[in-house]
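If you count by full-length UniProt numbering, then the sequence shown holds residues 1 to 719, one letter each, in order.
C-beta: ideal position from N, C-alpha, C; glycine also.
In what follows, a single structure is set out as structure tokens and then discussed.
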Amino acid sequence: MADFLLRAKAFSLAVSELDMEVAERHLQAMAADGLVERSATARVILLYLQAAYYLFNDQFSKSLEICNSALAQAGTSALRADLLMLKAQTGFGLNNGTGTQMADMANLDEALQILPADEYPYFGLTVMAIRGKLKHTNQAYSDALSDYQSALVLAQRLKVDRWESTIRRFLADVAMQLSRFTLAVDMLKGVHITQLSADEKVDFHSLWAIALAESGDRGALEQLQLAYQAAADVGSHTQLLSLLPDSARVHAALGDFRQAYLDMKEAEKQRMSSERRSNEKERQDAQARFDVQKKEQENALLKEEQKRLDERRQLVTIGLVVALVVAGVILLLLAVQLRQKRQLARLSQTLQARNAELDGLNQSRTLMIAAACHDLRQPAHALGMLADLMAAEDDPARRQQWLHNIRRSSATLSDMLSMLMDLGQLEGGRYEPVLSSFDLAEVVEDVRLQYGELARRKGLRLELPEGVSARVHADLHLTRRVLFNLVSNAIKYTPAGHVKVGIEPQAQGVELSVEDSGVGIPPHQQEDIFRPYVRVDEAGQSSGLGIGLSIVRRAADLLHWPLALRSEPGHGTRISLTLPAAAPSEQSASAAQRALPTGRTLALIEDDEVSRGAMAALLRSWGVKVIDAPSSAELLPQLTGAGAEVDLVLSDLHLEDESGLDNVARVRGALHKPELKAMLVTGDLSSEVAQVAEQQRITLVHKPLSPTRLRSLLAEAWA
């Protein structure tokens, strides 16, 4: 039941954020619970959720069909009242004529008989608002005025500012239709403007301007200016143009017919331009429908089968969640219907901008693939030749040398691929930073392990700060990648001398710098080196992809790190970034967090035998008791059979036949410890994985994971 409630809340949240794809996935996951087959009430609730889902996706006929089926099983209950209200809303969407509208009103009347407004004021408020909207749409303005006034009384009684503001705007609109401009002005004066969205503020000020103008009040011009300002704040050129007819009406009502004429002339010009764009889009849509028609026919049988499967997998929620979903869905539907015309215009503009952005991204990726194919060929070719040499060598010493060279080429290839993956995530805007507090000394230690030998072989001094502790609040993976790229780049372009890493606490944060005595960068190239595939040596004699500094710039922009470059040809280069310092409480806790408590037991799941053995040995060297296995199926008998008291689960995310997320859930369930601490180790940087891990209270750790970082994370988890 706990998972069922969690999924139901997640469905409600997805609906409130207009993310229907995520909402559908939650419904499918809930249906797999099996509760629908055991409970008649659950089946009716599932039908209600399905009807609401189809209604929100403008599939009114399907929604009405499901509503009728649910009503036949609901009996007389609060759930039936919710279904009647939803059916009326569906009929409003179908708009099949006067007969249907009368049936909708009858459904709403029956709903109020089941749940009277006096006893259930929030439900009554929703129903009265829908009644008023139905009459408003059918131009029965006097009747709509009465229903809206009843809804306003309930909203004021409940002290729901958001609803009161919405009802007041509806009342003002109806009053305008009845030429009761003074009433419209009175209604608008009571609107809580802080409860309005940016788009609603544009409509609010525009409507108030018209009402004042029709009343002969020149304060209308001030409200008109506020409407224009609100549209400018939204940043939509389309919305600014949509105010022209309202401006014309205001000026005409105030006797400024020349300005009214100019506004109407400009509005007509923009309308004709919009119609031309709309006609072109319809032509393109028709062509697209024609192109996919054959494909749809071929997939018809498959889709029908999938549809039946989907219907069996739908989930239900409980009555309390239904009430929350109803309120959210109805409120959103009312707001969406009022803004539909402007949203369609903005959507067209957004799609055009997105298409241009995607074209640019495709061009960039084409360049990246071409450059990657060229630069990855060298280490890949070297691996092949070294493997052949090693296979033909009988001398053990020589074979060890070839093996060492193979490992170096493999590490080079792996680092290139990692940089390509990071650049792809950053360039595509899909990288979701995972912020945490950590000591920069840990990252510097990783630099020593990664590049100390490389610098020594080249005859360079790799100078790293000793005894410096500076905790920062940043993304650990990007921080490590940025520092690795800067050090690697410095070693690459420094023929002799030193490469120095600096950590300097400052008032604005912590400055992280890399300084070298290399060739330096000419002034005219100092901006270009941060672009992808650009190298200082124009002849291309250095190895690598030429994307290291591009990743540094994109990471700095993403995390808002100030970036500074100082360089002179022949005198070396210094690049520095300023990272935000960790909070004082985190600074003082850092030493305690690195000390591991004794007597702790850790469950380790890793399907790679070598990695699992190395990790287990490292943990045991720290005094941690380790129970390890390649899968949860092999781990659980060890835990339950021995009655082990596990303090933390550590698992890889992507295993051979299962997911680390599923492993954690199984261990928690088997031990009856839903709050058991857990960590997932992964190289997956997607925001979806991070979001799911956060929902399940699992710490996500990105590869590569150094021993220092692992020890710090364990100390923090067990503190």
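**Message:** Suppose you measure from the CA of Pro584 to the CA of Val472; what does that come to, to the nearest Å?
**Reply:** 10 Å
**Prompt:** In whole angstroms, what separates the C-alpha of Asp161 from that of Asp475?
**Reply:** 40 Å
**Asked** The alpha helix (DSSP H) with Thr682 in it runs from where to where?
**Response** No alpha helix (DSSP H) holds Thr682; the beta strand (DSSP E) holding it covers Lys677 to Thr682.
**Asked** I think Gln229 touches Leu212, with their Cβ atoms under 8 Å apart; what is that distance to the nearest whole Å?
**Response** About 16 Å; that fails the 8 Å criterion.
**Request:** State yes or no: is the C-beta of Met187 within less than 8 Å of the C-beta of Ile130?
**Result:** no
**Request:** Counting only runs of 4+ residues fully inside the UniProt domain "Response regulatory" (601-718), write out the alpha helix (DSSP H) ranges in chain order.
**Result:** 609-621, 632-642, 660-671, 687-695 and 707-717
**Request:** Using three-state DSSP, classify Arg218 as helix, strand or coil.
**Result:** coil
**Prompt:** Rounded to a whole number of angstroms, what is the C-alpha to C-alpha distance between Phe530 and Leu152?
**Reply:** 59 Å
**Prompt:** If you check the beta carbons only, do Val510 and Val447 fall under 8 Å apart?
**Reply:** no
**Reduced DSSP secondary structure (H/G/I, E/B, other) of Glu200** = helix
**Asked** With burial defined as no fewer than 16 other Cβ atoms inside 10 Å of the residue's Cβ, what is the status of Ala719: buried or exposed?
**Response** exposed
**Request:** Please go through the same chain and pick out, in chain order, the residues whose beta-carbon is closer than 8 Å to the beta-carbon of Ala70, but skip the five residues on each side of it.
**Result:** Val44, Leu47, Tyr48, Ala51 and Leu83
**Message:** Starting from Ile167, trace the alpha helix (DSSP H) in both directions and tell me its first and last residue.
**Reply:** Asp161 to Gln177
**Message:** Which complete alpha helix (DSSP H) runs does the segment 451-521 hold, if anything under 4 residues is left out?
**Reply:** 476-492
**Request:** Provide the residue span of the alpha helix (DSSP H) that contains Ile193, from first to last.
**Result:** Unbroken run through Ile193: none, as it is neither H nor E.
**Prompt:** Contact between the segment 657-664 and the segment 675-683: three or more CB pairs below 8 Å?
**Reply:** yes
**Prompt:** Do Leu440 and Ile503 have their CB atoms nearer than 8 Å?
**Reply:** yes
**Prompt:** Which residue or residues does DSSP assign as beta-bridge partners of Arg574?
**Reply:** Glu515 and Arg566
**Request:** For Leu241, name the three-state secondary structure that DSSP assigns.
**Result:** helix
**Asked** When DSSP labels each residue in this structure, what does Ala581 get in the three-state scheme?
**Response** strand
**Request:** Can you have a look at Ala198 and say buried or exposed, based on whether 16 or more other CB atoms are within 10 angstroms of its CB?
**Result:** exposed
**Message:** Can you check which of these residues, Ala582, Val185, Ser437 and Arg157, is closest to Asp217 by C-alpha distance?
**Reply:** Val185
**Asked** Is the Cβ-Cβ distance between residue 738 and Arg480 less than 8 Å?
**Response** Nothing in the structure corresponds to residue 738, since the chain is present only between 1 and 719.
**Request:** May I ask you to list the residues that DSSP assigns as paired with Asp439?
**Result:** Arg471
**Message:** What does the Cβ neighbour count give for His560, buried or exposed, with the cut at 16 atoms within 10 Å?
**Reply:** exposed
**Span separating the alpha-carbon of Leu154 from that of Glu164** = 9 Å
**Message:** On the DSSP letters alone, give me the boundaries of the alpha helix (DSSP H) that Phe56 sits inside.
**Reply:** Ala40 to Phe56
**Item:** Nearest-angstrom Cα separation, counted from Ala490 out to Ala496
**Value:** 11 Å
**Request:** Measure the Cβ-Cβ separation of Thr147 and Met128 and say whether it is below 8 Å.
**Result:** Looking at the sequence itself, residue 147 is Asp, so the reference to Thr does not match. Cβ atoms of Asp147 and Met128: closer than 8 Å.
**Asked** Just how far apart, CA to CA, sit Asn57 and Leu351?
**Response** 19 Å
**Own chain residues within Cβ distance below 6 Å of Ser437, not counting five before or after** = Arg471, His473, Ala582 and Glu586
**Asked** Taking the alpha-carbon positions, what's the Gln508 to Lys133 distance?
**Response** 55 Å
**Asked** What does a CB cutoff of less than 7 Å around Ala172 pick up in its chain, not counting 5 residues either side in sequence?
**Response** Ala184, Met187, Leu188, Leu207 and Ala211
**Request:** Quick one: using the 10 Å Cβ neighbour count with 16 as the cut-off for buried, is Gln239 buried or exposed?
**Result:** buried
**Request:** Answer with buried or exposed for Ser543, where buried requires no fewer than 16 other C-beta atoms within 10 angstroms of its C-beta.
**Result:** Reliability fails at Ser543, whose pLDDT of 47 lies under 50, so the model's placement of it is uncertain and the value that follows must be treated cautiously. Exposed, by the Cβ-count rule.
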